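> Residue numbers (the working numbering), protein chains in the order written: chain F, 194 to 480; chain E, 3 to 357.
Pasting a structure below so you can have a look.
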Amino acid sequence: MKRPATILLLPSVTILGAFFVLPLIWILILSFLGSSPTGEVVGEFTLGNYARFLTDSYYLTDLLWRTIRLAAVATLFSVLVGYVGALLIVRADPAAQRWMILLVMLPLWVNLVVRTLALMVVLGRTGPLNQLLVGLGIADRPLQLLYNETAVVIGMIQVAVPFVVMAIYGVLQSIPRQLEHAAMTVGATPLAAFRRVTLPLSVPGILAGSVLAFGINIESFVVPILLGGGRVRFMSVAAYETATVSNNLPFAATIGIILLVVAMALLGLYQWAVRSAGRAAPALQAG
Amino acid sequence: MGQISVRDITKVWGAFDALKHIDLDVREGEFLSILGPSGCGKSTLLRIIAGLEAPTSGQIHIAGRDVTRDPVWKRRIGLVFQNFALWPHLTVFRNVSMGLELRRLKKDEIRRRVLEALRMVQLEPLAERLPSQLSGGQQQRVALARAIVLKPDVLLLDEPLSALDKNLRQDMQVELKTLQQTLGLTTVFVTHDQEEALSLSDRVVVMDRGAIGQVDVPEAIYNRPASEYVARFVGEAFLFRGIVSGSGARPMLRLPDGTSVPVEGERLQTGREAVAFVRPEWVELEPYDVHSHTGAPRGVIDRLMFFGQTSDYLVRVADRQLRVKRRPDGPALSPGNDVALICKARVLAAQVDAA
Numbered sequence: 194m195k196r197p198a199t200i201l202l203l204p205s206v207t208i209l210g211a212f213f214v215l216p217l218i219w220i221l222i223l224s225f226l227g228s229s230p231t232g233e234v235v236g237e238f239t240l241g242n243y244a245r246f247l248t249d250s251y252y253l254t255d256l257l258w259r260t261i262r263l264a265a266v267a268t269l270f271s272v273l274v275g276y277v278g279a280l281l282i283v284r285a286d287p288a289a290q291r292w293m294i295l296l297v298m299l300p301l302w303v304n305l306v307v308r309t310l311a312l313m314v315v316l317g318r319t320g321p322l323n324q325l326l327v328g329l330g331i332a333d334r335p336l337q338l339l340y341n342e343t344a345v346v347i348g349m350i351q352v353a354v355p356f357v358v359m360a361i362y363g364v365l366q367s368i369p370r371q372l373e374h375a376a377m378t379v380g381a382t383p384l385a386a387f388r389r390v391t392l393p394l395s396v397p398g399i400l401a402g403s404v405l406a407f408g409i410n411i412e413s414f415v416v417p418i419l420l421g422g423g424r425v426r427f428m429s430v431a432a433y434e435t436a437t438v439s440n441n442l443p444f445a446a447t448i449g450i451i452l453l454v455v456a457m458a459l460l461g462l463y464q465w466a467v468r469s470a471g472r473a474a475p476a477l478q479a480g
Numbered sequence: 003m004g005q006i007s008v009r010d011i012t013k014v015w016g017a018f019d020a021l022k023h024i025d026l027d028v029r030e031g032e033f034l035s036i037l038g039p040s041g042c043g044k045s046t047l048l049r050i051i052a053g054l055e056a057p058t059s060g061q062i063h064i065a066g067r068d069v070t071r072d073p074v075w076k077r078r079i080g081l082v083f084q085n086f087a088l089w090p091h092l093t094v095f096r097n098v099s100m101g102l103e104l105r106r107l108k109k110d111e112i113r114r115r116v117l118e119a120l121r122m123v124q125l126e127p128l129a130e131r132l133p134s135q136l137s138g139g140q141q142q143r144v145a146l147a148r149a150i151v152l153k154p155d156v157l158l159l160d161e162p163l164s165a166l167d168k169n170l171r172q173d174m175q176v177e178l179k180t181l182q183q184t185l186g187l188t189t190v191f192v193t194h195d196q197e198e199a200l201s202l203s204d205r206v207v208v209m210d211r212g213a214i215g216q217v218d219v220p221e222a223i224y225n226r227p228a229s230e231y232v233a234r235f236v237g238e239a240f241l242f243r244g245i246v247s248g249s250g251a252r253p254m255l256r257l258p259d260g261t262s263v264p265v266e267g268e269r270l271q272t273g274r275e276a277v278a279f280v281r282p283e284w285v286e287l288e289p290y291d292v293h294s295h296t297g298a299p300r301g302v303i304d305r306l307m308f309f310g311q312t313s314d315y316l317v318r319v320a321d322r323q324l325r326v327k328r329r330p331d332g333p334a335l336s337p338g339n340d341v342a343l344i345c346k347a348r349v350l351a352a353q354v355d356a357a
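Spelled out as structure tokens, the structure:
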């Protein structure tokens, strides 16, 4: 009986297997191989790459920790901005909602490199943002907004927000407005009604949105390489440079695998923490 | 001035007048139903009283205070929604306690009052359940407890029983009425179910396309409807149109087909056109007899409808159909029988006033 379903799965399994799983396995194997000074891969098993990464504080703090930290900060802001956006869309009238969603999705039709280059123009010394800040007297001279961590974080937010909006929008839309009205009938101001009813009910959306944003941000490559201008160390950029500039494929593979494992572990931990906090909440309130 | 006064309330949506100059007073402790078909504006009126909707013009007073400009959360009302609108992430206890928490009452006071309210709706043992773990009737009770725990000035109910199945609905009607009387709560109950409105209310408001058709005690609404609309909407009515004739002691309504029906009503004037109606249980059927039934309206039995406790005859009268309650002591009639309608029809109040 299950045969037709299996056959229908075949194309996607083939494509994923050939172009995703197999290369990933090859990367995993590569990360345990050595490299000669000339850049040839040495075909014998070694833990040297991992030892090199995990014992060097440069790799651990300057590279891995910075990657996690920037991705986390960007995720936090993405969720904040995305939540407000999703809420505004949900509360708009249905005709306006379609256009607002279209506007949110619009950036996704533009190539990421193009979008990031556009952002470089905006953040540049003579860019519109600096002109505005100086013009309004908030800053007395143009600020350095490019080629630093701030620029990278802004870039990552810009990439992640549409995904966060859509994740949260879906959940917010499923919460009947009447639940807030019911809260108002027992004396809640609109703000209290939001805090006590809509916000807790939208936690699944926040969870989904933040997982999505963190996943996108920590693997981010175009944004740190362009907006970081080589000055902001980032895992993906380091892997790329190790493979191309240093010509050390096995060590680049190691960086990649460590990034993957760390990202998955953090996301797993995060989901577990939120879920168990959610389960504990009703029990705490019982007392 | 009543506990709730609605003064000249109008609500306009674009070109549509949802409410047209509504005036209504709800007395303290009264159970008042607003009855009408969907789209008549009854829910809109309730939402305006609650403050969930703003009127286009007019004033609302609750407990002597002008609340027209007050938002919902300042109105001290209890509202029960049609689909209950319980908060799915909170336990039964917390659903009921939220209003008290918002008033920053002490914890043991909150606990005492929540449990008291839950006891009143017989839900105390289920306090730690989530709404999704309750049946429809239990959810309804939580919604009720949530509304009464705050000791509101008025209790507003928006078709609260229509989501329940028939047997449960009847049980809940009794419970609701008992609870309302125990607490002496001024209650406005919106429904499209006329039996529900008649059986629960002290007074019934019948609404018709954004206006009030009649406000009166249930008995008067049923037996002395003001208009054809009210007569037809509340219970079943068979209408006779004709001209008042006969002496003052035994007035008759002469129908276009030459037959006449005895009628009653106040201030009947001979020679005037009038509309009279009968209810299914007011009519007696007799096998048609040319000698004794001359001049009485006649019909043909179409079919007998059996409902268990009672049964109805469907009688064809000219091109219309009339429903008549079968009397246990009446003659046994079968489809095709010629029958005479023995009844006293009642002239509609509005018709009399118009004359």
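For glycine and all other residues, C-beta sits at the position ideal for the given N, C-alpha and C.
Values in this document were obtained by computation on a predicted structure and should not be read as measured data.
1) Mind the definition here: the segment 205 to 216 of chain E touches the segment 30 to 38 of chain E only if three or more C-beta pairs lie below 8 Å; say whether that holds.
2) Which residues in chain F sit within 9 Å of Trp89 (chain E), going by Cβ to Cβ distance?
3) Note down, in chain order, every chain F residue with its Cβ under 8 Å from the Cβ of Ala165 (chain E).
4) Suppose you measure from the CA of Leu146 (chain E) to the CA of Glu103 (chain E); what does that come to, to the nearest Å?
5) Please identify the residue among E:Phe309, E:Leu270, E:Arg322 and E:Arg329 whose C-alpha is closest to the C-alpha of Trp284 (chain E).
6) Quick one: which chain F residues come within Cβ less than 8 Å of Val74 (chain E)?
7) Which whole-angstrom value describes the C-beta separation of Phe279 (chain E) and Ala239 (chain E), a residue pair presumed to lie in contact below a C-beta threshold of 8 Å?
8) Just checking my contact of Val302 (chain E) with Arg318 (chain E) at CB under 8 Å: how many whole Å lie between their CB atoms?
9) Would Leu226 (chain F) and Glu237 (chain F) be called neighbours here (beta carbons separated by less than 9 Å)?
10) Which two residues bound the contiguous alpha helix (DSSP H) that contains Tyr362 (chain F)?
11) Less than 9 Å between the beta carbons of Val379 (chain F) and Gly101 (chain E), yes or no?
12) Thr382 (chain F) touches chain E at which residues, Cβ-Cβ below 7 Å?
13) Under 9 Å between C-beta atoms, does Ala52 (chain E) make it to chain F?
14) Near Leu322 (chain F), which residues of its chain fall below 8 Å by C-beta distance, leaving aside the five closest residues on each side in sequence?
15) Measuring CB to CB, does Phe213 (chain F) end up less than 9 Å from Ile451 (chain F)?
16) What residues are listed by DSSP as bridge partners for Arg9 (chain E)?
17) Going by DSSP, what residue range makes up the beta strand (DSSP E) through Tyr315 (chain E)?
18) Could you tell me whether the Cβ atoms of Arg143 (chain E) and Val123 (chain E) are closer together than 9 Å?
19) Which value, in whole angstroms, describes the spacing of the CA atoms of Ala276 (chain E) and Leu257 (chain E)?
20) Between which two residues does the alpha helix (DSSP H) carrying Ile399 (chain F) extend?
21) Quick check: what's the CA-CA separation for Gly165 (chain F) versus Tyr340 (chain F)?
22) So Ala385 (chain F) contacts chain E; which residues on that side make the cut at Cβ distance below 7 Å?
23) Please decide whether Arg148 (chain E) counts as near chain F, where near means a Cβ-Cβ distance under 9 Å.
24) Using 8 Å for Cβ pairs, my map puts Ala360 (chain F) next to Gly402 (chain F). What's the rounded Cβ distance?
25) Report all residues from its chain with a CB closer than 6 Å to the CB of Phe83 (chain E); omit the five preceding and five following residues, and keep chain order.
26) With a threshold of 9 Å between beta-carbons, can Pro300 (chain F) be considered close to chain E, or not?
27) Please tell me whether Pro369 (chain F) has its Cβ less than 9 Å away from any Cβ of chain E.
28) Once you ignore the five residues that flank Arg67 (chain E) on each side, which residues in its own chain have a CB closer than 7 Å to its CB?
29) Bridge partners of Gln324 (chain F), per DSSP?
30) For Ile2 (chain E), would you say it is in contact with chain F, using Cβ-to-Cβ distances shorter than 9 Å as the test?
31) Consider the Cβ of Met209 (chain E): report whether some Cβ of chain F lies at a distance smaller than 9 Å.
32) If you draw a straight line from the alpha carbon of Pro282 (chain E) to that of Glu230 (chain E), how long is it in whole angstroms?
33) May I ask you to list the residues that DSSP assigns as paired with Pro383 (chain F)?
34) Can you tell me the Cα-Cα spacing of Thr382 (chain F) and Glu130 (chain E), whole angstroms?
35) Residues bridged to Thr260 (chain F) by DSSP?
36) Establish whether the CB of Phe18 (chain E) and some CB of chain F are separated by less than 9 Å.
Considering the structure as presented:
1) yes
2) One-based indexing of the second sequence puts residue 89 (chain E) at position 87. Leu372, Ala375, Ala376, Arg389, Val390, Pro393 and Leu394, listed in chain order.
3) Locating residue 165 (chain E) in the second sequence gives position 163, counting from the first residue. Those do not exist, as Ala165 (chain E) stays about 13 Å from chain F at its closest Cβ, beyond 8 Å.
4) The count along the second sequence starts at 1 and reaches residue 146 (chain E) at position 144. The count along the second sequence starts at 1 and reaches residue 103 (chain E) at position 101. Roughly 17 Å between the two C-alpha positions.
5) What you label residue 284 (chain E) is simply residue 282 of the second sequence in a count that begins at 1. Among E:Phe309, E:Leu270, E:Arg322 and E:Arg329, the Cα nearest to that of Trp284 (chain E) belongs to E:Arg329.
6) Sequence index remark: in the second sequence, residue 74 (chain E) carries index 72 (1-based). By Cβ distance, chain F contributes His374, Met377 and Thr378.
7) Counting from one through the second sequence, the residue named residue 279 (chain E) turns up at place 277. Counting from one through the second sequence, the residue named residue 239 (chain E) turns up at place 237. Their Cβ separation, rounded to whole angstroms, is 4 Å, which keeps Phe279 (chain E) and Ala239 (chain E) in contact under 8 Å.
8) Here the question's residue 302 (chain E) lines up with position 300 in the second sequence. Here the question's residue 318 (chain E) lines up with position 316 in the second sequence. About 5 Å; that satisfies the 8 Å criterion.
9) Counting from one through the first sequence, the residue named residue 226 (chain F) turns up at place 33. Counting from one through the first sequence, the residue named residue 237 (chain F) turns up at place 44. Yes, Cβ-Cβ distance for Leu226 (chain F) and Glu237 (chain F) is below 9 Å.
10) Within the first sequence, residue 362 (chain F) is the residue found at index 169, counting from 1. Run containing Tyr362 (chain F): Glu342 to Gln366, per the alpha helix (DSSP H) assignment.
11) What you label residue 379 (chain F) is simply residue 186 of the first sequence in a count that begins at 1. What you label residue 101 (chain E) is simply residue 99 of the second sequence in a count that begins at 1. Yes, these two residues count as a Cβ contact at 9 Å.
12) Numbered from 1 along the first sequence, position 189 holds the residue referred to as residue 382 (chain F). The contacting residues are Trp75.
13) Locating residue 52 (chain E) in the second sequence gives position 50, where the first residue counts as 1. So, interface residue.
14) Position 129 of the first sequence holds residue 322 (chain F). Result list for Leu322 (chain F): Val315, Leu316 and Leu338, in chain order.
15) If you number the first sequence from 1, residue 213 (chain F) lands on position 20. If you number the first sequence from 1, residue 451 (chain F) lands on position 258. No, the pair does not count as a contact, with Cβ atoms beyond the cut-off.
16) Working through the second sequence from its first residue, we reach residue 9 (chain E) at position 7. BP columns for Arg9 (chain E) point to E:Gln61.
17) The residue labelled residue 315 (chain E) in the question sits at position 313 within the second sequence. In the DSSP annotation of this structure, the continuous segment of the beta strand (DSSP E) that includes Tyr315 (chain E) starts and ends at Ser313 to Val319.
18) In the second sequence, the residue the question calls residue 143 (chain E) occupies position 141. In the second sequence, the residue the question calls residue 123 (chain E) occupies position 121. In this structure, the beta-carbon distance from Arg143 (chain E) to Val123 (chain E) falls below 9 Å.
19) Position 274 of the second sequence holds residue 276 (chain E). Position 255 of the second sequence holds residue 257 (chain E). When rounded, the distance between both Cα atoms is 10 Å.
20) Working through the first sequence from its first residue, we reach residue 399 (chain F) at position 206. Counting along the chain, the alpha helix (DSSP H) containing Ile399 (chain F) begins and ends at Val396 to Ile411.
21) Nothing about residue 165 (chain F) can be reported from this structure: the residues present for chain F run from 194 to 480 only.
22) Taking the first residue of the first sequence as position 1, residue 385 (chain F) is located at position 192. Here the neighbours are Leu104.
23) Your numbering for residue 148 (chain E) matches position 146 in the second sequence. Yes, because at least one Cβ of chain F sits closer than 9 Å to the Cβ of Arg148 (chain E).
24) Start at 1 with the first residue of the first sequence, and residue 360 (chain F) comes out as number 167. Start at 1 with the first residue of the first sequence, and residue 402 (chain F) comes out as number 209. Indeed they touch by this definition, with Cβ atoms about 4 Å apart.
25) As a working mapping, residue 83 (chain E) is identified with position 81 in the second sequence. Correct list, in chain order: Asp160.
26) In the first sequence, the residue the question calls residue 300 (chain F) occupies position 107. It does not; no Cβ of chain E falls within 9 Å.
27) As a working note, residue 369 (chain F) is residue 176 in the first sequence. Taking Cβ atoms only, chain E reaches closer than 9 Å to Pro369 (chain F), which makes this a yes.
28) The sequence position of residue 67 (chain E) within the second sequence is 65, counting from 1. Contacts found: none.
29) Here residue 324 (chain F) is taken as the residue at index 131 of the first sequence, counted from 1. Paired residue(s): none; Gln324 (chain F) is not in a bridge.
30) Lying before the first or after the last residue shown, residue 2 (chain E) is absent from chain E, which here runs from 3 to 357.
31) Counting from 1 along the second sequence, the entry for residue 209 (chain E) is found at position 207. No, Met209 (chain E) does not count as interfacial toward chain F.
32) As a first step, residue 282 (chain E) is located in the second sequence; it is residue number 280 there, counting from the start. As a first step, residue 230 (chain E) is located in the second sequence; it is residue number 228 there, counting from the start. Roughly 16 Å separates the two Cα atoms.
33) Taking the first residue of the first sequence as position 1, residue 383 (chain F) is located at position 190. Pro383 (chain F) pairs with nothing; no bridge assigned.
34) Numbered from its first residue, the first sequence carries residue 382 (chain F) at position 189. Numbered from its first residue, the second sequence carries residue 130 (chain E) at position 128. So the two alpha carbons sit approximately 26 Å from each other.
35) On the first sequence, position 67 is the one that residue 260 (chain F) refers to. Beta-bridge pairing links Thr260 (chain F) to no other residue.
36) Position 16 of the second sequence, counting from 1, holds the residue named residue 18 (chain E). False, the Cβ-Cβ gap to chain F never drops below 9 Å.
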